[in-house]
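Colleague: Provided herewith is a single structure, encoded as structure tokens, for subsequent inquiry.
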Amino acid sequence: MIDKDKYKDVNPVEEEVKTLESPKNNWYVDEKTLANADLPEEEREWFSDARPQVVPPIRWTPMEKFLNWARAKSLWILAFGTGCGAIELRPLLTARYDISRFGMAPRPTPRQASVFMIGGYVSLKTLKRIVRSYEQMQGPKFVVAVCSCAINGGMYWDSYNTIKRIDNYIPVDVYVTGCMPRPEAVLSGFQKLQQLIMDGKAEGQNLYAEKFDWYKANQKKVIKDWNMPDYNW
Amino acid sequence: MNLKDVLSPLYVWKRAFEKPYTIRTEKEPRPGADRYRGFHQNDTEKCIGCGSCAEICQNESIDMIPVSETKDGDSGLRPRIDYGRCCWCALCVDICPSSSLTMSNAYTWIEEGLDKDTRETFCFTPGVDEKPWDNDEKGYRRPDGYDLSLLERVEMEELSPAERVTSFIEMVKGFSKEQAKREADRCIECGICTATCPGHMDIPGYIRAIREDDIEKGIEILYKTNPLPGVCGRICTRRCEDVCSLSLRGEAVSIRWLKRYLTDSAEAGKYRDLLHDEVVSSGKKVAIVGTGPGGLSAAYYLLRMGHEVEIFEQNEAAGGMLRYGIPEYRLPYGSLDNDINFIIELGAKLHLNTKVGKDISFDKLYKEFDAIFTSVGLTDSYKIGIEGEELPGVTTGLTVLKAVTMGQDPKLGDHIVVIGGGNVAMDAARTARHLGVDVTVVYRRRLEDMPADSDEIKEAIEENVEFITQGIPLKIEEGANGKLNFIWGKAEMVDNGSGKRPSPVLIEGSREVMEVTKVIAAIGQGANYGWLEGETTKQVKLGKRNIEADRWGKTDDPKIYVGGDMFNKTADAISAIADGHRSARAIDSYLAGEEYPKDRF
Amino acid sequence: MKTIYEDLNKRFTMSGYKQQRDDLAFVTVDKDQLVNAITYLKDYHKFTHLAFVTAVDWLEENEFQITYLLHNYELKVDLGLKVRLDRDNPTMDTIHHLWKQARVYQRELHEMFGIDFPGSPGVNDPMILESWEGPPPMRRDFDTKKYSEETYDHRERQHIEPEDHLRKQLYPED
Amino acid sequence: MIDKYPKIVDGKSVYDLDSQKYLKMWQGPQHPGVTGNMSLELIISGDQVVACNTHVGYLHRGFEKLMERRRYINCFPIVCRICVPEPDTNEYLFAAATEELLGITVPEKAQWLRTLDLELSRLASFLMWIGGQSGSFGSGTVAQWAIANRDFVLDLFEELSGARIYHMYMIPGGVRGNLPEGWIEHTEKVLNNTEKLLDEIYIVLFNNAVFKSRAVGMGVITPEMIDQYGIVGPNARASGAARDIRKDNPYLVYDHLDFKIETETAGDTYARTLVRWKEMHQSISLIRQILKLMPKLGPIYTKLPNVLHMKVPAGETYVKAESTRGEYGYYIVADGTEFPRKITVRGPSYSHGMALLEDLVVGGNIADTHGLMLSLHTYPPEIER
Amino acid sequence: MGITTKILYAFLSLGVVMVWGLTLNGIVRKIFARVQGRIGPPVYQPFIDIKKSNAKRTGITHGIMFYLGPVFRIAGGVGTYMFIPVIFGSEIFSNFSISGDLLLVMYFIFFGQLGMALGAGEGGHPYSAVGVSRGLAQMTAFEVPFALSVISLAIQHGTLNITEIVAAQQGGILSWTLFTNPLAVTAAMISMLGMNMYNPFSIVIAPQEIPMGPPTEYQGSFLGLLATNRGIFAGAKLVLFMNLYFGGATSLPILMWKTFAIYMFSVFIGAAFPRFKTEDSIKFFLKIPTAIGLLALLIAYL
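Protein chains in written order, with my numbering: chain D, 20 to 252; chain X, 4 to 604; chain F, 2 to 175; chain Y, 1426 to 1810; chain A, 457 to 758.
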């Protein structure tokens, strides 16, 4: 269960409300709905107005434990090579390291995937797609960020086109450092994630729902042409 | 579509009966290769915190953070690596001058990311923060045959020993522009030298100026902290080179020769153009006693601060020990005069042949001037303390050196013995060699214990100076033909267990005789406070060797400041220069009525 | 190489010939004559391969330099043609009719340096950058580090220069 | 075939998506069929592609900008990141260009080691590619074998240079490290295995009815197109152009080695696959030759000036090498300071992946777009850098 | 036997076949993995996947037809299964086999696909649309030889009741259709390749081309349902093929190994070949298998 009060001090929404006053950025005003105001009339109907909701785990612990076990043992990775980390994903998926031993498999569509592997640096253009893909994934969903670039900018700390810390934009469950991390390291990262899921600690989806405004503010700060709905389910 | 094309793909089933490619890593991950570039290790004992790793890291992933006490030649900083930035290029390992930074072959580091600020994660100080891979044997080390650092010095041309003993021509030829640039290029700009240098010269700064061929800039940097660069460029004891990072694995940057190159390449007349800041006259007067490096340095900086300066010198030329204690082949008088003349040109009033206490009383100075800086050095040579010391053939090193400087013949005969192992002993011995005299140096301890500069000893040996080590002088007797019999005994080194260096103890019954024309004692000098007597100096506390003062050189009388050998314990030119500089600042703030100087000049 | 240059020099205004290697030379061409020169090289001297087009920003001289590198498969030599443009109003003639890939290079140059190539198809479309506000990023007066620090969150660096630290420790009063 | 679909309206390609006849479909960036991270915007009618637009820039890091504010030595770790699957060509070219501008020569042993490294990396890159190529047609089996075998080659790299992907082995001045002990034997073993695998792949893939039915005649590059689009490397060689920089403008020690330019004439995907398959065999043979001919002793590194403030004399140069995709080049402009004025990377994927792919895809089946993209062997990171 | 008992038995056997179908799926994955030189997922992986899919906390829908897609699909699967007698001579595993059940089964095989097509179309994703059109096109194509084969079989045995066809094949291995009507079996087995959607006929899902095809938009419990159906439908199909061509089964172990062997056939081909293009696939089915089917029909008729 996520403690709501915990994020009170890190959630800068209150300040944001005061500082951002342009009509373009009034999406936070209404707590319940998302105003996809910038979209044309007919397009607005295509998109959901609902904010992401916190879905608490089932109260009956043994059942939740069982479900978590199932989730941990059947991790489907979204096949989205966002950076150079993707190059080690391939050996990982194939015969030498064979991640399928642990019930993991690549899944080409975000709808069905449950793990998002951020493979290193994330350029602005990709960040937009990452946010979309991440929001399209169905919860519980997890993010594993590999490579140092995703942690603190890595090699591209002074680049104008890459973001430095992916956890400002989507919640990350597990980090693996390295440039490139070897497949074994990534594999250990996934195993760590499995452990976290089984312990019920990997609640990134709920975190995202709770700190939604904070994440959105961060995302909109860097993505200058925000031409998509605020939440893509 | 023929049948072969349909059937041959079924060959894939062969693999089903072979061993899978998969490596089982569930239990224990596969170790990285022997050379694998994994996480860093740092031998903190070897590391000196020079920061070259941080300098070469293009990702700014290495921070130097303080972890331990600052020691000599160790900045007390250690690299902290941020694996959110690192790219495992291992350039930091390649550049590490101390070879302390290496990489293990460990590669797995996983952190939970959620709900945690990653600002602190993935950062660690190798060797300080414990990690599982701290003791890994394997991993990336700098490979053989490949080294980014430039460990060898540019060869400095010198006169051969045979050539140099024939004259007093300066033995080191100095760098050409090409050589100087190459040598300057070796500097990794860590700055440990700057802190170690008593004068805090901006060594990387002027080396950079040499590299960029900007002599004027270099001179300007030199004069910020050292008004006698021409002197220091030749005879500095260069503690900077002892701590140079490169000296850990190779040869230190020739900082002294580079400084010399700078002063040699600039025209002395142009120095004045380099001083850009305006001098505002303060109307205060400061007296300086002694024209050694300390006095000259203080004079220069006081002048630059706008004070009126008068200098009193007992000899007929300024320079003090620089002139009378250092032979010409090491420091040509021309270079010395260059530096001194520049300071005099700035407006110092120089009174030569004026001995304070004799020609002018200290009380008078005290009354006439707003502050007094004294730096007369150590002038009284220590006695050997053996029988026969009063014989006419026994003299001191300083006497010989001074006589040579003044152009007199020291009348050494054909074989002398020099007692002592310090720089003065070496200078005296080598000066004698240059005059064509056979020289034997007798020293109580071993060769490696000698306080003299190692280069000096090396060069003395090259010039065929004979060394007798562990020899204790016992007695000097008058011998035949006006010669002296120098009697000495062999000593053995006894470790007295107190943690100090072992002391020499005479072997019972050992007694050897040497027939020499002169015995020169050069075992050190002490202070002579005779000139300091007077009403006004009662407050000044005199120590056995040094005058007591705070580290600004201020004695208990706030008007009187001391510096140079009579104040510091290192007793070398650069310390004296630093003293002069420091005291000048203290005097400046005293005259302005402030407490202590705030910023560097 | 030299003969080709001499032949070219007869027809076009050229300068700054430099033979970098046996198989590589650079030459500066007048801006107006570049397309003609390239066409001539392609048709008569068999420089049939366009290796790349790139720009260099000479900020101090307020000029852009565009380099076209051509390759001759028969002589197996490379020839770089350089053009200097005014930096304030950079416009260059397009060569997309000679090589199809040239339009991609020109599109990139337009995006990264703000050099205009009128007539090149799709040259105004954003290619690599998306939602970019600000000057073309490859220009030298754009400071990527500053931009990055202003736009993105960074971890504070705690670095201490050893020189300063050591001095502070040894001589605290200084 | 394209004429069925009216294309030109007011000089622009416009397909009326409302007519229900055309469907707009994006492939990528999140798409398992697209190499790396780029996307194709396709307009399809039925199964046929009528228009294609490639979108790149998802991997743009501004390398050329970053290198402008890094010292030369600090560009060295960066360059290998430009092309992820085959970083060594970048390392070599950057080192070679810098050395040329600095006017230093590399010891002979280092040259051999560099050649060895380049050929190994060619082998690794091709193995990765053949995995992708067969995978693009749905043959997971060959893909798994090839990529697993590539991993064995990466093991060699790991032992030699200390890293799997970004080797950072060829530093300006020479190479970092000699051959480790037992490495040659290990290499021989890996090469034998790879050779065996290649033969198996020939049986399984090139004699495969389905593969043939798809690859033959797919995405034909005619000889006329080669110059028009600036096609280089195996793509050009599959269309009959016997061009190889290793032969034409020999660099390193390639003129001491015995090999010939592999060509095919059909210019279709099958021919391109075959050319690359042959080149893999050739790489293996080259590696064996190098290991035999390489001097056993000798320096591997020439001292550079102090790398922390190394100034490169003003000048410019263009150095090129034959990568797995063809001509790869570095154009460095130095202005006499510690920082390069401009480093331009000429990647073959640039022309292959953008201009050529856009035109080749049109008229084909959507099922073929991915296979086609791979058969051109494009790596997006080197397009956008 | 009352209708209640019958339904009870039917669902019991449905469960058994579903579990067996999913297990087979797991085994096949393992075998694929071995061919590819790796270890592969555990055999029970399909069960975890289903559980995981159902345990998803959020889900989206695109309208009512979107819901109905998987429902149709599973209805097709269950429908197919319900009319196939599973074990010859067993009360529990006889299901609702009636005279003319062959026709019903043929219908249900189609039914699921069509329903799926409707639902997937509702998802609005272009990949789904392309996938659906591909799937329907290919299905139409492989149905031709299959239908020809089945008709040939019906003519051969003179009945449309599966139980009777099975009964006719009892009495030794040589009385199997495999030997009495080999052409029909060949045609049917080739069309089964298409039905099972392994390579080279995996054009519907085709991850490298149109990721996942029709189920692109399906997630959570929808996907769980679809995956469950994979077990049921695979089981039903295999049992049908076993009944029609390989003499049926008289006990559970026989059923298990026979279905496994039949399944292995498509795996055997699937591991070796890449994927066809849609038009190649259609052309393929309409050429040789259809010709064989026609020939079988002709022979049976004669």
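Quick reminder that beta carbons are idealized off the backbone N, C-alpha and C, glycines included.
1. Tell whether a beta-carbon distance below 8 Å holds between residue 1486/Y and residue 142/D.
2. Give a single yes or no on whether residue 345/X has its beta carbon closer than 7 Å to a heavy atom of the ligand HEM.
3. Taking the C-alpha atoms as reference points, what is the distance between residue 100/D and residue 692/A?
4. Which word fits residue 95/D, buried or exposed, when buried means at least 16 other C-beta atoms lie within 10 angstroms of its C-beta?
5. Might you give, ordered along the chain, the residues of its own chain that have their beta carbon closer than 7 Å to the beta carbon of residue 469/A, omitting 5 neighbours on each side?
6. Can you look up residue 69/F in the DSSP assignment and give me helix, strand or coil?
7. May I have the straight-line CA-CA distance separating residue 167/F from residue 204/X, to the nearest angstrom?
8. Answer with yes or no whether the minimum CB distance from residue 25/X to chain D is below 8 Å.
9. Just to confirm the assignment, what range does the alpha helix (DSSP H) spanning residue 224/X have?
10. Under a three-way DSSP split, which group does residue 594/A fall into?
11. Can you pull the DSSP bridge partners for residue 670/A?
12. Using a Cβ-Cβ cut-off of less than 7 Å, give me the residues of the segment 6-20 of chain X that come near chain A, in sequence order.
13. Of all Cβ atoms in chain D, is any one closer than 8 Å to the Cβ of residue 160/F?
14. Do you know offhand how far residue 97/D's Cα is from residue 516/A's?
15. Tell me the DSSP secondary structure of residue 95/X in three-state form.
16. Identify each residue in the segment 72-86 of chain D for which the Cβ-Cβ distance to at least one residue of chain A is less than 7 Å, and report them in chain order.
17. Just grab the DSSP bridge partners of residue 1742/Y for me.
18. Using the Cα positions of residue 253/D and residue 220/D, report the straight-line distance between them to the nearest angstrom.
19. Does residue 83/F come within less than 8 Å of chain D when only Cβ atoms are used?
20. Going by alpha carbons, who is nearest to residue 402/X out of 170/X, 440/X, 347/X and 382/X?
21. Report yes or no: is there a C-beta of chain D within less than 8 Å of the C-beta of residue 156/F?
22. Nearest to residue 594/X by alpha carbon, out of 286/X, 103/X, 218/X and 102/X?
23. Looking only at C-alpha atoms, which of 581/X, 526/X and 115/X sits nearest to residue 571/X?
24. Below 7 Å on C-beta distance, what does residue 251/X contact in chain F?
25. Going by the beta-carbon positions, is the gap between residue 430/X and residue 335/X smaller than 8 Å?
26. If I measure Cβ to Cβ from residue 1651/Y and keep anything under 7 Å in the same chain, skipping five residues before and after, which residues do I get?
27. Distance, Cα to Cα, residue 561/X vs residue 151/F?
28. According to DSSP, which residues form a beta bridge with residue 1769/Y?
29. So, do the segment 1702-1712 of chain Y and the segment 1493-1512 of chain Y have three or more beta carbon pairs nearer to each other than 8 Å?
30. Name the residue from 253/X, 388/X, 385/X and 226/X whose alpha carbon lies nearest to the alpha carbon of residue 346/X.
31. Considering residue 443/X, what are the terminal residues of the alpha helix (DSSP H) in which it resides?
32. Please tell me whether residue 175/X and residue 161/X are closer than 8 Å, where the distance is taken between their beta carbons.
33. Chain X beta carbons: is any one of them nearer than 8 Å to that of residue 34/F?
34. Considering residue 491/X, what are the terminal residues of the beta strand (DSSP E) in which it resides?
35. Residues of chain Y with a CB under 8 Å from the CB of residue 246/D: which are they?
36. Please confirm whether residue 221/D has its beta-carbon closer than 8 Å to some beta-carbon of chain A.
Modeller: For this structure:
1. Counting from one through the fourth sequence, the residue named residue 1486/Y turns up at place 61. Counting from one through the first sequence, the residue named residue 142/D turns up at place 123. Their beta carbons are under 8 Å apart, which means residue 1486/Y touches residue 142/D by this criterion.
2. This structure lacks the ligand HEM, and indeed carries no ligand of any kind.
3. Counting from 1 along the first sequence, the entry for residue 100/D is found at position 81. Counting from 1 along the fifth sequence, the entry for residue 692/A is found at position 236. Cα-Cα distance, rounded: 38 Å.
4. As a first step, residue 95/D is located in the first sequence; it is residue number 76 there, counting from the start. Residue 95/D comes out buried.
5. Taking the first residue of the fifth sequence as position 1, residue 469/A is located at position 13. Around residue 469/A: 542, 548, 549 and 551.
6. Residue 69/F sits at position 68 when you count from the first residue of the third sequence. Strand, per DSSP.
7. Here residue 167/F refers to the residue found at position 166 of the third sequence. Here residue 204/X refers to the residue found at position 201 of the second sequence. Each residue's Cα considered, the two are about 13 Å apart.
8. Translated into positions along the second sequence, residue 25/X becomes position 22. With 8 Å as the cut-off, residue 25/X counts as an interface residue toward chain D.
9. If you number the second sequence from 1, residue 224/X lands on position 221. Its alpha helix (DSSP H) spans residues 218-228.
10. Position 138 of the fifth sequence, counting from 1, holds the residue named residue 594/A. DSSP places residue 594/A in helix when its eight states are reduced to three.
11. Working through the fifth sequence from its first residue, we reach residue 670/A at position 214. According to DSSP, residue 670/A bridges with nothing at all.
12. 12, 13, 15, 16, 18 and 19
13. Numbered from its first residue, the third sequence carries residue 160/F at position 159. For residue 160/F, the answer is no, since every Cβ of chain D falls outside 8 Å of its Cβ.
14. Locating residue 97/D in the first sequence gives position 78, counting from the first residue. Locating residue 516/A in the fifth sequence gives position 60, counting from the first residue. The alpha-carbon atoms of residue 97/D and residue 516/A are separated by roughly 18 Å.
15. Taking the first residue of the second sequence as 1, we reach residue 95/X at position 92. If DSSP states are grouped into helix, strand and coil, residue 95/X belongs with the helices.
16. 74 and 86
17. To locate residue 1742/Y, count along the fourth sequence from 1; it is residue 317. In the DSSP output, where bridge partners are listed per residue, residue 1742/Y has 1757/Y.
18. With chain D represented from 20 up to 252, any question about residue 253/D goes unanswered, as that position is not in the structure.
19. Along the third sequence, one-based indexing puts residue 83/F at 82. No, no contact with chain D.
20. Counted from its first residue, the second sequence places residue 402/X at position 399. For the residues 170/X, 440/X, 347/X and 382/X, the minimum Cα distance to residue 402/X belongs to 382/X.
21. Taking the third sequence and counting its residues from 1, one reaches residue 156/F at position 155. By this cut-off, residue 156/F is an interface position.
22. In the second sequence, residue 594/X corresponds to position 591, counting from 1. The candidate whose alpha carbon is nearest that of residue 594/X is 286/X.
23. Your numbering for residue 571/X matches position 568 in the second sequence. Selected option, being the one with the closest Cα: 581/X.
24. For the purposes of this step, residue 251/X is taken as residue 248 along the second sequence, with counting starting at 1. Per Cβ cutoff of 7 Å: no residues; residue 251/X is ~14 Å from chain F at best.
25. Taking the first residue of the second sequence as position 1, residue 430/X is located at position 427. Taking the first residue of the second sequence as position 1, residue 335/X is located at position 332. Not in contact: residue 430/X and residue 335/X (Cβ atoms no closer than 8 Å).
26. The residue you call residue 1651/Y lines up with position 226 of the fourth sequence. Excluding positions up to five away in sequence, the list reads 1661, 1664 and 1666.
27. Counting from 1 along the second sequence, the entry for residue 561/X is found at position 558. Counting from 1 along the third sequence, the entry for residue 151/F is found at position 150. Their backbone Cα atoms lie some 52 Å apart in a straight line.
28. Along the fourth sequence, read from residue 1 onward, the residue named residue 1769/Y stands at position 344. 1756/Y.
29. no
30. What you label residue 346/X is simply residue 343 of the second sequence in a count that begins at 1. Closest by alpha carbon: 226/X.
31. The sequence position of residue 443/X within the second sequence is 440, counting from 1. First-last for residue 443/X: 441-445, but that is the beta strand (DSSP E), not the alpha helix (DSSP H).
32. In the second sequence, residue 175/X corresponds to position 172, counting from 1. In the second sequence, residue 161/X corresponds to position 158, counting from 1. Against a cut-off of 8 Å, the Cβ pair of residue 161/X and residue 175/X comes out as a contact.
33. Against the third sequence, residue 34/F aligns to sequence position 33. For residue 34/F, the answer is no, since every Cβ of chain X falls outside 8 Å of its Cβ.
34. Translated into the one-based positions of the second sequence, residue 491/X becomes position 488. Its beta strand (DSSP E) spans residues 487-497.
35. Along the first sequence, one-based indexing puts residue 246/D at 227. Correct list: empty, because the minimum Cβ distance to chain Y is about 15 Å.
36. The residue labelled residue 221/D in the question sits at position 202 within the first sequence. Residue 221/D does not count as touching chain A.
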